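Below is one structure, written out as structure tokens, with a few remarks after it.
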Amino acid sequence: MRTKYCTIILLLTAIGFSSCNKYLDVKPKGRLIPSDVADFDKLLDNTNIVQWVFLDNNTGSTLGYFTDNLALSEGIGEVSYKANNHPNIDRYYSYLFRAPFKNPNTSDYFWDWGTYRSMAYFNNVIDGVAGLGDYSKDEYARQVVAQATVNRAWSYFITTMVYGPVYKPGGDNSRKTIPYLTSSDMGAPMPMLSTQEEVYSKVLNDIHNVLTDAPTVTSWPSRPNKNAAWALLAYYHLFTRKFDSVVHYSNLAWNAASGGNAAKLIYDYNTFFWADPANPVTSELKGPDNLLAQPNNREILLFRSTDNGAGRSSNSYPSAEFKALFDQATDLRYKYFFLTAPGYKTTYNGVIYDDGNQVQYYRGSKTQVTAGFTWPEVLLMRAEGYARTNELDKAIQDLNTLRKFRYVTGTPDLTAGTQDEVIKLVLEERRRELPLAHFKRFLDLKRLTLDAGKPWSKTNITHTVGSQSYEGAIDSDDFILPISNLILQYNPQWGVPLDTRAF
Numbered sequence: 001m002r003t004k005y006c007t008i009i010l011l012l013t014a015i016g017f018s019s020c021n022k023y024l025d026v027k028p029k030g031r032l033i034p035s036d037v038a039d040f041d042k043l044l045d046n047t048n049i050v051q052w053v054f055l056d057n058n059t060g061s062t063l064g065y066f067t068d069n070l071a072l073s074e075g076i077g078e079v080s081y082k083a084n085n086h087p088n089i090d091r092y093y094s095y096l097f098r099a100p101f102k103n104p105n106t107s108d109y110f111w112d113w114g115t116y117r118s119m120a121y122f123n124n125v126i127d128g129v130a131g132l133g134d135y136s137k138d139e140y141a142r143q144v145v146a147q148a149t150v151n152r153a154w155s156y157f158i159t160t161m162v163y164g165p166v167y168k169p170g171g172d173n174s175r176k177t178i179p180y181l182t183s184s185d186m187g188a189p190m191p192m193l194s195t196q197e198e199v200y201s202k203v204l205n206d207i208h209n210v211l212t213d214a215p216t217v218t219s220w221p222s223r224p225n226k227n228a229a230w231a232l233l234a235y236y237h238l239f240t241r242k243f244d245s246v247v248h249y250s251n252l253a254w255n256a257a258s259g260g261n262a263a264k265l266i267y268d269y270n271t272f273f274w275a276d277p278a279n280p281v282t283s284e285l286k287g288p289d290n291l292l293a294q295p296n297n298r299e300i301l302l303f304r305s306t307d308n309g310a311g312r313s314s315n316s317y318p319s320a321e322f323k324a325l326f327d328q329a330t331d332l333r334y335k336y337f338f339l340t341a342p343g344y345k346t347t348y349n350g351v352i353y354d355d356g357n358q359v360q361y362y363r364g365s366k367t368q369v370t371a372g373f374t375w376p377e378v379l380l381m382r383a384e385g386y387a388r389t390n391e392l393d394k395a396i397q398d399l400n401t402l403r404k405f406r407y408v409t410g411t412p413d414l415t416a417g418t419q420d421e422v423i424k425l426v427l428e429e430r431r432r433e434l435p436l437a438h439f440k441r442f443l444d445l446k447r448l449t450l451d452a453g454k455p456w457s458k459t460n461i462t463h464t465v466g467s468q469s470y471e472g473a474i475d476s477d478d479f480i481l482p483i484s485n486l487i488l489q490y491n492p493q494w495g496v497p498l499d500t501r502a503f
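Next comes the structure, spelled out in structure tokens:
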């Protein structure tokens with residue numbers, strides 16, 4: 001029997017409290033009833049905040065399957081996903097651009113377990129601290145609210161672009177996308193859907209309202225510090241195409257953290273080695289510390305879980321186009337992350353499907369990957385900002401700074417060419433550096449479609465399964481996730497009709 005957990009979107013994520021009143025004198029053992037700032041602060045360490053950001057129930061992300069980074073063999077697609085009725089068959093349907101991508105009558109993990117479950121924590125922290133009284137003179141309280149607010153802004157910014165169209169700076173961004181829920185009151189009326197433009201405006205206001213209070217240092221990278229807030233502003237302006245602001249905010253973050261020493265923020269892959277060189281597929285990758293596979297390694301600025309299984313034969317393979325981005329001789333990312341292993345093999349209805357040995361992508365099992373921000377991404381945002389504003393030498397300098405840590409020692413530096421050539425170099429490096437299969441490439445494809453006619457811009461993505469080809473248009477509903485019927489049926493005031501298509 002279907003439970004009525006979607007009445008106001010968040011019933012399934014109720015935390016067991018909705019105000020900061022001290023309604024019990026004694027806290028039950030093992031339960032948190034917030035009564036002071038420190039109690040609300042503890043909520044920001046809940047693992048639900050970081051574990052399910054655009055991930056399904058098996059910690060994969062269909063968003064990567066829309067992109068040009070992944071490929072499915074006939075066996076994986078037709079047998080593993082389709083014939084076997086894979087529990088995450090939405091990944092396969094996304095790869096085919098076959099709508100509806102997800103069953104519209106089931107819970108949407110991205111929405112229920114990711115964005116809006118997190119909001120239950122963030123909004124309770126913000127409202128709870130405010131409910132304790134005037135906290136304007138309490139630095140600790142302001143820092144707690146700032147962390148919750150930046151977290152909320154980051155999540156809504158990503159969500160509006162996943163459930164909305166390509167954002168067009170200066171154009172029509174009036175399509176309604178998501179509710180910008182800011183109240184922790186479970187009985188409050190559900191807000192109307194905000195337009196893409198309204199969400200952008202609210203996100204920007206949220207960040208700037210707390211920017212001065214964001215702490216310089218936080219206890220764990222799941223908590224945004226001031227550098228993460230600056231990185232979010234830089235990322236935001238990649239999509240508004242205010243590239244001077246991209247430079248400004250990424251520069252603030254990079255300079256504050258690096259102190260002029262990039263080695264503080266980036267691992268030198270020339271120092272990496274296999275614990276078991278004879279078996280790299282199963283071996284641990286070792287580095288200068290023991291944190292490579294931890295969220296608090298030196299490269300991670302803001303941690304959110306990502307899809308670590310994509311690119312391996314149980315789910316998908318890295319696309320030929322993605323593999324071709326790497327210089328196999330000099331790029332150490334290829335050496336350590338692209339490993340040859342047996343591919344998908346099965347027999348179905350008397351037909352043998354055998355992919356043989358395949359080059360597969362092991363970054364997620366060798367190092368900690370984040371859907372948040374890394375320091376290499378911050379550096380590449382600054383490089384893109386420089387390239388877009390025609391400061392080509394500075395852009396190349398940033399590229400060469402990163403390449404020193406990623407390529408075999410002695411690999412020649414890049415030199416500046418035309419502006420388009422430099423932008424292309426930056427965006428290729430960005431694609432190598434970001435997660436293979438999550439929302440980053442998905443959203444980059446959407447923003448870059450505005451660079452019509454440029455070599456890095458695409459209007460369509462074509463996928464193949466066996467001899468069949470499937471094409472999706474980036475600036476269309478092919479790249480927009482719809483809201484689940486389980487949400488829509490309890491929010492008729494939004495005026496969005498239920499999805500009645502067969503799944």
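Here the sequence shown stands for residues 1 to 503, numbered as in UniProt numbering. In this text, a Cβ means the ideal position worked out from N, Cα and C, and glycines have one as well. These figures come from a predicted structure and were not determined experimentally.
> Do G372 and F442 have their C-beta atoms within less than 8 Å of each other?
Replying inline: No, the pair does not count as a contact, with Cβ atoms beyond the cut-off.
>> Quick check on the burial criterion: 16 or more other C-beta atoms within 10 angstroms. Buried or exposed for R118?
In response: What sits at residue 118 in the sequence shown is Ser, not Arg. Here S118 is buried. Its C-beta has 16 or more other C-beta atoms within 10 Å.
> So, using beta-carbon positions, are E421 and L325 closer together than 8 Å?
Replying inline: Contact flag unset, no.
> Thinking C-alpha only, which one of A293, L445, G453, Q358 is nearest S314?
Replying inline: For S314, the nearest C-alpha among the options comes from Q358.
>> Taking the alpha-carbon of L481 as reference, which of T464, F439, H463 has the nearest alpha-carbon?
In response: Taking only the C-alpha atoms, the option nearest L481 is F439.
>> On the DSSP bridge list, what partners appear for H463?
In response: In the DSSP output, where bridge partners are listed per residue, H463 has Y470.
>> According to DSSP, V496 sits in a beta bridge with which residue or residues?
In response: Bridge partners of V496: none, in fact.
>> For T67 and I33, what's the separation of their Cα atoms in angstroms?
In response: Rounded to whole angstroms, T67 to I33 spans 43 Å at the Cα level.
> Which word fits V351, buried or exposed, when buried means at least 16 other C-beta atoms lie within 10 angstroms of its C-beta?
Replying inline: Exposed.
>> Measuring straight from C-alpha to C-alpha, what distance separates G164 and W113?
In response: Rounded to whole angstroms, G164 and W113 show a C-alpha spacing of 19 Å.
>> Below 8 Å on the Cβ atoms is my contact criterion, and I expect L43 with V125 to pass it. Report the Cβ-Cβ distance as a whole number of Å.
In response: Cβ-Cβ separation between L43 and V125: approximately 5 Å, consistent with a contact (criterion under 8 Å).
>> Output needed for L402: all residues of its chain with C-beta closer than 6 Å, excluding positions within five of it in sequence on either side, in chain order.
In response: Excluding sequence neighbours, L402 sits near P376, L379.
> Quick one: Cα of L96 to Cα of W154, how far?
Replying inline: In a straight line, the C-alpha of L96 is about 29 Å away from that of W154.
> Could one say the Cβ of E433 lies closer than 8 Å to chain B's Cβ atoms, at least one of them?
Replying inline: The chain inventory of the structure shown lacks chain B, comprising one protein chain alone.
> When the distance is taken between beta carbons, is V150 closer than 8 Å to I178?
Replying inline: Taking 8 Å as the Cβ cut-off, I178 and V150 do not qualify as a contacting pair.
> For L55, does the three-state DSSP call read helix, strand or coil?
Replying inline: Assignment of L55 by DSSP, reduced to helix, strand and coil, places it in the coil class.
> In its own chain, which residues sit with a C-beta less than 7 Å from the C-beta of N88, not counting the 5 before and 5 after it?
Replying inline: Excluding residues within five positions, the ones whose Cβ falls inside 7 Å are D56, N58, G60.
> Is N227 near the ligand ZN, with its Cβ less than 7 Å from a heavy atom?
Replying inline: Only the bare structure without any ligand can be found here, which leaves the ligand ZN out of the picture.
>> By alpha-carbon positions, which one of Q294, N308, Y121 ends up nearest to L434?
In response: Selected option, being the one with the closest Cα: N308.
> Taking C-beta to C-beta, are A214 and A234 nearer than 8 Å?
Replying inline: No, Cβ-Cβ distance for A214 and A234 is not below 8 Å.
>> At the level of alpha carbons, what is the spacing between D39 and D138?
In response: Looking at the backbone, the Cα of D39 and that of D138 are separated by about 15 Å.
> Helix, strand or coil for T115 per DSSP?
Replying inline: Helix, per DSSP.
>> Could you give the first and the last residue of the continuous alpha helix (DSSP H) run that contains Q196?
In response: That run of the alpha helix (DSSP H) goes 196 to 210.
>> Please classify E78 as buried or exposed, where buried requires at least 16 neighbouring CB atoms within 10 angstroms.
In response: If you draw a 10 Å sphere on the C-beta of E78, you find 16 or more other C-beta atoms in it, and that means buried.
> By how many angstroms is the C-alpha of P100 removed from the C-alpha of A502?
Replying inline: For A502 and P100, the distance between alpha carbons rounds to 8 Å.
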